[in-house]
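Shown next, in structure tokens, is the structure this report addresses.
Protein chains: 2
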Amino acid sequence: MTKADISLKGTKVQPLKKPRTELEPGARRRKKFDDKRQFILETALSVFSKYGFHGTTIEQIANSADISKTNLFYYFSNKEELYLTILENILNDWLKPITIFEEVDDPEDVLKNYIRLKLELSRDQPEASRLFCLEIIQGAPILKGYLENELKSILQDKSKVIESWVSKGKIKPINPIQLIFFIWSTTQHFADFNVQVKAITGKDLSNKKFFEETCSAIQQLIIDGLKRPRL
Amino acid sequence: MTKADISLKGTKVQPLKKPRTELEPGARRRKKFDDKRQFILETALSVFSKYGFHGTTIEQIANSADISKTNLFYYFSNKEELYLTILENILNDWLKPITIFEEVDDPEDVLKNYIRLKLELSRDQPEASRLFCLEIIQGAPILKGYLENELKSILQDKSKVIESWVSKGKIKPINPIQLIFFIWSTTQHFADFNVQVKAITGKDLSNKKFFEETCSAIQQLIIDGLKRPRL
DNA sequence: ATCTTTTCAGACCAAATGGTCTGTTTTAAA
DNA sequence: TTTAAAACAGACCATTTGGTCTGAAAAGAT
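Taken in order, these protein sequences are the chains called A and B.
Going by full-length UniProt numbering, 36 is the number at position 36 of the first sequence; the sequence numbering is gapless.
Going by full-length UniProt numbering, 183 is the number at position 183 of the second sequence; the sequence numbering is gapless.
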């Protein structure tokens, strides 16, 4: 299994899925198997994101998923495979938002949209965000190759879009990578540092008002901070 | 040991320290003891910040510090005490920068200064930053009380300063807490996600040019984003 | 209903790891 | 130089934990 291969497994698209009649042999079993595997993955993400790889016990995960340790090993041959599969799955969702960076569009629209999408991710997948953060902090032993290749080339691509905005005078000059980092850090902050945010504000992104307030605060700062020349 | 008590231990200020003549009995021994303890703490911070609490072995730390496991236990009675002491030490440095928020001053100066100080911390103490981040991500089991009390009240205090700027029309209306979060996240990003930053840009805050570029990018974005009314 | 394959559980194992016990060496004070 | 306390090391211990082995229960296909 290579690090670059980040395709979801076990989610083969069924042609039709006839409701009650017999399907091809083994299909029912496969589905049940895949479903349970998926369930374990979700449970494990939740635990891993709380305690980290080393801090998490296989038994903890098994208990959370209400199965025996042995049963878990029936679905995943070892702890690392389980952890790896989770990380792979996360990466997929992770880069979807950035595809909206397109040259033709208006910077303000694109940026506003992107910020919102990232913030929604922080709201809806905070555990994934934290697991990702844990991985990076600890030196990205697994994802390093991915960062240096796939991610880097995607960012270089999107940088060109931002640069074209600059050269057309649509936004103030700024290092495109820096801009992307700003958006990432400010949005992910509300997932990764969720505990701190909650301790201080008493609120959460799951609070609709707080979400909107945060979203527009970030949008405003960045949009206005990028407004054309200089006052 | 309460969580609120975050005083440095083992750094009692010596009145004078006569160079070679006899000092009070036991002083030499105490200093040697304290120095070695400090050295172990620094080594341990480095290891803990890489692998987290659970991922770190006492033996790893001992090896890194070039002492025996037994010897380490002579200086710290157990793993938790070692970890706790490190966290306490970190917190002290952590809040120094925020004290510069004072009402009388010009917002632009204060904010620029604060951003620079925080970014310097990210450059000079990235390991401390990452350990702090690890702690928060995992639910801040140790620091939660501190966040909800000390930190919260400090922030409420500083919020008033920012609010006064707003009401005087010196900056555009913004939620003060959000502004502070914005600064924290963008500056700490370069310590916590250092690996990612390096993978993509090839650079680091230790690179002087990159540091200055980053610093002024953040400063500009925030200052300009807060400029008076609205274009 | 039967039978074969899949799914699952309990007992068990070996390695890793936090921590202790005992005793030796080093060091500073006298 | 002597001596008592401090600093240190190696063997050892108990627990935790990832992972296996054997066999029983469940379930789909016929």
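Idealized CB from N, CA, C, for every residue including glycine.
- Query: How many Å lie between valine 85(B) and tryptophan 165(A) at the Cα?
  - Reply: Reading off the sequence, residue 85(B) comes out as threonine, not valine. Taking the straight line joining both Cα atoms gives about 49 Å.
- Taking asparagine 175(A) as the reference, give the member of Gln220(B), Leu143(B) and Val195(B) with the closest Cα. The residue with the shortest Cα to Cα distance from asparagine 175(A) is Gln220(B).
- Task: Measure how close the beta-carbons of lysine 79(B) and glutamine 138(A) come, nearest whole angstrom, since I'm counting them as under 8 Å.
- Result: Actually they do not touch by this definition, with Cβ atoms about 18 Å apart.
- Item | Anticipated Cβ contact below 8 Å, isoleucine 154(B) with leucine 95(B), distance rounded | Right, the Cβ-Cβ distance comes to about 7 Å (below 8 Å), so this counts as a contact.
- What whole-angstrom Cβ distance do residue 237(A) and glutamine 178(B) have, given they're in contact under 8 Å? In the structure displayed, chain A extends from 1 to 231; residue 237(A) sits before or after that span and is not available.
- With a threshold of 16 other CB atoms inside 10 Å of the CB of serine 206(A), please say whether the residue is buried or exposed. Exposed, since its Cβ has fewer than 16 Cβ neighbours within 10 Å.
- Residues of its chain near aspartate 93(A), where Cβ-Cβ distance is below 8 Å and the 5 sequence neighbours each way are ignored: These residues qualify, in order along the chain: Leu121, Gln125 and Ala128.
- Report the neighbours of residue 245(A) on chain B: residues whose CB is nearer than 9 Å to its CB, in chain order. With chain A running from 1 to 231 in the structure shown, residue 245(A) is simply not present.
- DSSP on threonine 57(A), reduced to helix/strand/coil? DSSP, read as helix, strand or coil, puts threonine 57(A) in coil.
- Item | alanine 65(A) versus phenylalanine 48(B) - alpha carbon distance | So the two alpha carbons sit approximately 30 Å from each other.
- What residue from Gly145(A), Lys198(A) and Lys170(A) has the CA that sits closest to alanine 140(B)'s CA? Check the Cα spacing between alanine 140(B) and each of Gly145(A), Lys198(A) and Lys170(A): the tightest is with Lys198(A).
- Can you tell which of Asn113(B), Lys144(B) and Gly26(B) has the C-alpha that lies nearest to the C-alpha of isoleucine 183(B)? Restricting attention to Asn113(B), Lys144(B) and Gly26(B), the CA atom closest to the CA of isoleucine 183(B) is found in Asn113(B).
- Message: Going by DSSP in three states, phenylalanine 193(A) sits in which element: helix, strand or coil?
- Response: Correct three-state label for phenylalanine 193(A): coil.
- Message: Spatial neighbours of isoleucine 58(A) within its chain, please: C-beta separation below 7 Å, excluding the five flanking residues on both sides.
- Response: Closer than 7 Å at Cβ, skipping near neighbours: Lys69, Leu72 and Lys79.
- Task: Under 7 Å Cβ to Cβ from glutamate 103(A), same chain only, skipping five residues before and after it: list those, please.
- Result: Short of 7 Å from the beta carbon of glutamate 103(A), and not among the five residues preceding or following it, lie these beta carbons of its own chain, in chain order: Val161 and Ser164.
- Task: Consider the Cβ of arginine 116(B): report whether some Cβ of chain A lies at a distance smaller than 9 Å.
- Result: By this cut-off, arginine 116(B) is not an interface position.
- Query: Would you say valine 197(B) faces chain A, with C-beta separation under 9 Å as the test?
  - Reply: The C-beta of valine 197(B) comes closer than 9 Å to at least one C-beta of chain A.
- alpha helix (DSSP H) runs contained entirely in the region 133-207 of chain B, provided each spans 4 or more residues: Contiguous alpha helix (DSSP H) elements confined to the region 133-207 of chain B occur at 152-167, 176-192 and 194-201, taking only those with 4 or more residues.
- Anything in chain B within Cβ reach of proline 52(A), meaning under 8 Å, just list it in chain order. The question names proline, but residue 52(A) in the sequence shown is glycine. Per Cβ cutoff of 8 Å: Gly52, His54, Gly55, Leu134 and Gln138.
- Can you name the residues of chain A whose CB is closer than 7 Å to the CB of threonine 186(B)? Phe182, Ser185 and Thr186, listed in chain order.
- Query: Any Cβ of chain A within less than 9 Å of the Cβ of leucine 155(B)?
  - Reply: Under the 9 Å criterion on CB atoms, leucine 155(B) is classed as interfacial with respect to chain A.
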